[in-house]
Amino acid sequence: MWVCRCCGHELISARENYKKGCLLYDRDPHDIHPPVIDETYTFSADPNWMRYVEFYCPGCGTMIEVEALPPGHPITHDIELDIDRLKEKYVQAKEG
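Take the sequence shown: its letters are residues 537 to 632, numbered as in the numbering used here.
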């Protein structure tokens with residue numbers, strides 16, 4: 537299981553993307569980067585081009601991850617554990 541390191545809440549099976557077990561907050565980029573204007577440069581994060589997705593533990597509300605993604609882009613699967621191989625190594629270490 538993926539487990540929150542702060543409260544121990546079980547998020548989802550370790551064979552799944554841990555982000556699927558989190559609460560999501562799809563942020564408007566203007567909340568993070570308000571428009572900046574001066575005499576030589578103008579910057580504004582355009583919500584038509586990007587979004588911030590924040591991932592929180594449903595048990596304690598700890599922020600676990602933030603992604604900057606283009607609108608419509610799926611949530612990334614950034615880590616995949618080989619559970620079967622980890623189990624084999626654990627058993628070998630216990631026996632050896």
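Even for Gly, the Cβ is constructed at its ideal location relative to N, Cα and C. Predicted, not measured: the structure shown is a model, and the values here were computed from it.
Asked, Found
"Rounded separation between C558 and A550 - CA only", "13 Å"
"Neighbour flag for P583 against chain C, beta carbons, 8 Å", "Among the chains of the structure shown, chain C does not appear; only one protein chain is present."
"For H569, the nearest candidate out of P610, I619 and S580 (CA to CA)", "S580"
"Cβ neighbour criterion (16 or more within 10 Å) applied to L547", "buried"
"Residues of its chain near P607, where Cβ-Cβ distance is below 6 Å and the 5 sequence neighbours each way are ignored", "R587"
"Helix, strand or coil at R621 according to DSSP, with G and I counted as helix", "helix"
"Residue span of the beta strand (DSSP E) that contains I568, given as start and end", "From DSSP, I568 is part of no beta strand (DSSP E) but of the alpha helix (DSSP H) over P565 to I568."
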